[in-house]
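Notes to accompany the following structure.
2 protein chains.
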Amino acid sequence: MSNTSWIENKLKENGCKLTEQRRLIIKFFEAEPGHYTAQEVFEKVKGICSKINFSTIYRNLELLCNMGIIKKLDIESGISHYELNKPGHHHHVVCKGCGDMKEIDICPCETIANKELKAMGFQATEHKFEIYGYCRNCSKK
Amino acid sequence: MSNTSWIENKLKENGCKLTEQRRLIIKFFEAEPGHYTAQEVFEKVKGICSKINFSTIYRNLELLCNMGIIKKLDIESGISHYELNKPGHHHHVVCKGCGDMKEIDICPCETIANKELKAMGFQATEHKFEIYGYCRNCSKK
DNA sequence: ATTCATTTTGCAAGTCATTTGCATTTACAT
DNA sequence: ATGTAAATGCAAATGACTTGCAAAATGAAT
Ligand SMILES: [Mn+2]
Ligand SMILES: [Mn+2]
Ligand SMILES: [Zn+2]
Ligand SMILES: [Zn+2]
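Keeping their order, the protein sequence lines are chains V and W. If you read the first sequence in my numbering, its first letter stands for residue 1, the second for the next number, and so on. If you read the second sequence in my numbering, its first letter stands for residue 1, the second for the next number, and so on.
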């Protein structure tokens, strides 16, 4: 009766093996919700399993993305962030000062975009909405 | 009395020199409005000025971005697109089938996001809003 | 517990877009 | 025509990410 998360069950169901590395990556996302780069995941897991390799991180991040367990965010040009894939969806407010990423639930598609899309015969599958600027702390110089 | 564009004037005002390469890059964006990768700009300009180098393309794209003449778009993970920076701003609807990028003028910030941002004391400077999916042609399989 | 097919890993090397250092060339004010 | 700052071409470097492959680990079947 280990405290196996739904994630680990989902992996098993799909014929994936539960390696220490994989467990640690998952545990990290579950224990410290946030938006992380592959580098950050690597460093965190490396603290516990020092033999882990970067390619293992990438391979597992991709696997977890494909299974819908985590989500890849292209917030910053040239570097991906990953977050646990919560039900529903949300958008981000990103501070260019401290890098903090807050989440917002307002969604442009529900309110304004959908009718425009229908008019142009476009089948939308996903969308991105991010706001950049300075948070309260960073803007008070 | 050459038909010098406002862009070339702006460059001169800032002490930039008008090289053939620079002129050609600008002319391309003006003559064929669209959303281009550095590669695409390179190929187009190379057709006229065969000695042009990729680093010249990148250096000029950055320069033109910094001067607000063109805009860098991070639509696709890992590859930047550039477009002429029109007055006002707009957003994009991107077809995952044919790659076509249509522009839309509806803006989530004007209608919904601004009050939320004010409430959280966030000073927004920019935002991104993109919709992905399949255009009329691509979705009729 | 042992066996074994299959999956996963570590490692090293490879991509690919973009950047950088530097010697040479070019633009343009004088 | 000259001088100087700016820009270019070239080659090498970067940095995030990917891939091939032999060795190791997992877990289902004995
Ligand atoms: Mn989030
Ligand atoms: Mn556009
Ligand atoms: Zn949304
Ligand atoms: Zn907008």
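All C-beta atoms in this analysis are idealised placements derived from N, C-alpha and C, irrespective of residue type, glycine included.
- Relative to W:Glu-116, the option among V:Asn-114, V:Thr-125, V:Ile-131 whose CA is nearest is V:Ile-131.
- With a cutoff of 6 Å, W:Glu-32 does not count as near ligand 2, since its C-beta is closer than that to no heavy atom of the ligand.
- Cα atoms of V:Leu-63 and W:Asn-53: separation of roughly 38 Å, rounded to the nearest angstrom.
- As a beta-bridge residue in DSSP terms, V:Gln-123 pairs with W:Tyr-134.
- DSSP places V:Thr-111 within a helical segment (H, G or I) once states are collapsed to three.
- Chain order gives no chain W residues near V:Ala-38, where near means a beta carbon separation below 7 Å; the closest approach is about 13 Å.
- Note on geometry: alpha-carbon atoms of W:Gly-15 and V:Lys-140 lie some 34 Å from one another.
- Residue burial is scored here from C-beta neighbours: V:Pro-108 has at least 16 other C-beta atoms within 10 angstroms and is therefore classed as buried.
- Of the heavy atoms belonging to ligand 1, at least one sits nearer than 6 Å to the Cβ of V:Glu-103.
- When distances are taken from the beta-carbon of V:Cys-138 to the heavy atoms of ligand 4, even the shortest one reaches 6 Å or more.
- In the three-state reduction of the DSSP assignment, V:Ser-5 falls in the coil class.
- Apart from the 5 residues on each side of it in sequence, V:Phe-42 sits with its Cβ closer than 8 Å to the Cβ of Ile-52, Phe-54, Ile-57 in its chain, given in chain order.
- In the same chain as W:Cys-65, and ignoring 5 residues on each side of it, the C-beta atoms closer than 6 Å to its own belong to Lys-72, in chain order.
- Using a cutoff of 6 Å, the CB of W:Glu-126 does not count as near ligand 2, since none of the ligand's heavy atoms is closer than that.
- Under the three-state reduction of DSSP, W:Ile-25 is assigned to helix.
- Of all residues in the stretch 104–119 of chain W, the ones placed with a Cβ closer than 8 Å to any Cβ belonging to chain V are Ile-104, Ile-106, Pro-108, Cys-109, Thr-111, Ile-112, Ala-113, Glu-116, Leu-117, in chain order.
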